[in-house]
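Please read the structure below before turning to the comments.
In our numbering, the protein residues as written are 1273 to 1662.
In structure tokens, the structure reads:
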């Protein structure tokens, strides 16, 4: 019998060793044991059959077999779910079987159905040789059920693996579409929110009525928070799509920037914040982005910290690094694992935000060649942002 001898390196259908390894080992072992040259495993998918693995023991390679040959042999030589053992076609009881095998240059043939636990055929195990082969049939009748069970497990594993691959691909597509939608929304909302903020600032400066000035200030504060969320989304989208984050670096008074941000939080929150700032130097950085990182870290502490416990903030220079540290008492023990805190869209219990704040803060620190680290101790958690000053 002549098979088209192409190794798995030449045909992509058989290139993934992880897909065929189990089947290959079963066929290799059984071909060696029975002294058959060709071993084949076919898999049933619905009403169709396909090659799972075709092995040539002589060359010890996975090969590509003309499936029409196998289909014709299988269709014309079968006895329902009964195994077939032909050691020599010259002694074959069915003349038409012998003639068919001889047509393809075969002298011996074994066929064994692969059944699942419900006794439904899910595949076929066959061995062929161009010379007569003497084999121990009782021993094979003991071995083949075991081989069949292993192949069923292999089929199941491959199905589960493919299912997981499909789910991962769907999630990848969903994630990409979600990111595109978020980017589009943030991009479209950016200008209107900026205009609202400017108008509220104008009104606050020009209105004389005290109540109206307070309302204008509230509009400005709210629009500032919305602008921060939009900027977070835009930066997140840029990192996800591999685009460079735009920046404007300058010498920044970190002490002044932090005090300004804290004064804004005092207007909208009544949380007690203990602050220690020791910053004799200005730091070369992107002021707006560092400001957003501070805002996100402070907002996170306010949202997820114990409401009646103080928040501790310190900022200082240490070993050529600028360090911003914020500590809050935990309001719940049900927190994500520390590495998960910096993943996008991971939110704390009961949080209504997008779950981008910590992710964006870490990305901003990385953009400045630094990082954000966490230390959890008893009922406290500390976020420490650092960037080099040189």
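Cβ atoms here follow ideal geometry from the backbone N, Cα and C, with glycine treated the same way.
Small disclaimer: the values here were computed from a predicted structure and weren't measured.
| Check | Outcome |
| --- | --- |
| Residue from 1426, 1399, 1552, 1404 with nearest C-alpha to residue 1294 | 1426 |
| Of the residues 1484, 1475, 1521, 1462, the one placed nearest residue 1497, counting alpha carbons only | 1462 |
| Extent of the continuous alpha helix (DSSP H) to which residue 1419 belongs | 1409-1478 |
| Residue 1395 - partner residues in DSSP beta bridges | 1315, 1386 |
| Residues that DSSP places opposite residue 1522 in a beta bridge | 1557 |
| Same chain, Cβ closer than 8 Å to residue 1459, neighbours up to 5 away in sequence not counted | 1506 |
| Expected contact under 8 Å - CB spacing of residue 1556 and residue 1520 to nearest Å | The pair is not a contact, with the Cβ atoms about 11 Å apart (cut-off 8 Å). |
| Closest by C-alpha distance to residue 1567, when choosing among 1534, 1542, 1549 | 1534 |
| Distance, residue 1634 Cα to residue 1649 Cα | 21 Å |
| Residue of 1582, 1590, 1576, 1504 minimising C-alpha distance to residue 1542 | 1582 |
| Range of the contiguous alpha helix (DSSP H) that encloses residue 1637 | 1629-1639 |
| Neighbourhood of residue 1495 by C-beta distance below 7 Å, restricted to the same chain and skipping five residues each side | 1465, 1468, 1469, 1472 |
| Distance, residue 1355 Cα to residue 1369 Cα | 14 Å |
| Assigned secondary structure, residue 1601 (DSSP; H/G/I helix, E/B strand, else coil) | strand |
| Three-way DSSP call (helix, strand, coil) for residue 1651 in this model | coil |
| Among 1656, 1455, 1397, nearest to residue 1299 - alpha-carbon criterion | 1397 |
| Straight-line Cα distance separating residue 1429 from residue 1590 | 54 Å |
| 8 Å Cβ cutoff met for residue 1313 and residue 1423 | yes |
| Integer Cβ distance of residue 1565 from residue 1657, believed to fall under 8 Å | 6 Å |
| Boundaries of the beta strand (DSSP E) in which residue 1378 is found, first to last residue | Looking at the DSSP string, residue 1378 is not in any beta strand (DSSP E), and its letter there is neither H nor E. |
| C-alpha gap between residue 1284 and residue 1599, whole angstroms | Confidence at residue 1284 is low in this model, with a pLDDT of 41, below 50, so the placement of that residue should be treated as unreliable; the coordinate-derived value is given next. Roughly 55 Å separates the two Cα atoms. |
| Candidates 1304, 1439, 1483: closest to residue 1331 by CA position | 1304 |
| Residue from 1378, 1415, 1545, 1446 whose Cα sits closest to the Cα of residue 1601 | 1545 |
| Which listed residue (1317, 1437, 1561, 1366) has its alpha carbon closest to that of residue 1639 | 1561 |
| Contact the region 1430-1440 vs the region 1407-1414: 3+ CB pairs below 8 Å | no |
| Residue closest to residue 1508, alpha-carbon to alpha-carbon, out of 1616, 1594, 1420, 1580 | 1616 |
| Other residues of its chain near residue 1289: CB distance less than 7 Å, five sequence neighbours each side excluded | Because the pLDDT of residue 1289 is 40, which lies under 50, any placement of that residue in the model is unreliable, and the number read from its coordinates should be weighed accordingly. Excluding residues within five positions, none has a Cβ falling inside 7 Å. |
| Distance between residue 1487 and residue 1454 (C-alpha atoms, nearest Å) | 30 Å |
| Burial state of residue 1587, where buried means 16 or more other Cβ atoms lie within 10 Å | buried |
| Candidates 1593, 1392, 1585, 1645, of which the one nearest residue 1613 by Cα | 1645 |
| Coarse secondary structure for residue 1371, derived from DSSP in three states | helix |
| Selected residue, minimal CA-CA separation from residue 1594, among 1628, 1538, 1659 | 1659 |
| Sheet register partners of residue 1504 (DSSP bridge) | Beta-bridge pairing links residue 1504 to no other residue. |
| Same chain only: Cβ atoms within 6 Å of residue 1540, ignoring 5 sequence neighbours per side | 1493 |
| Endpoints, beta strand (DSSP E) assigned at residue 1325 | 1320-1328 |
| Residue 1395 vs residue 1386 beta-carbon contact at 8 Å | yes |
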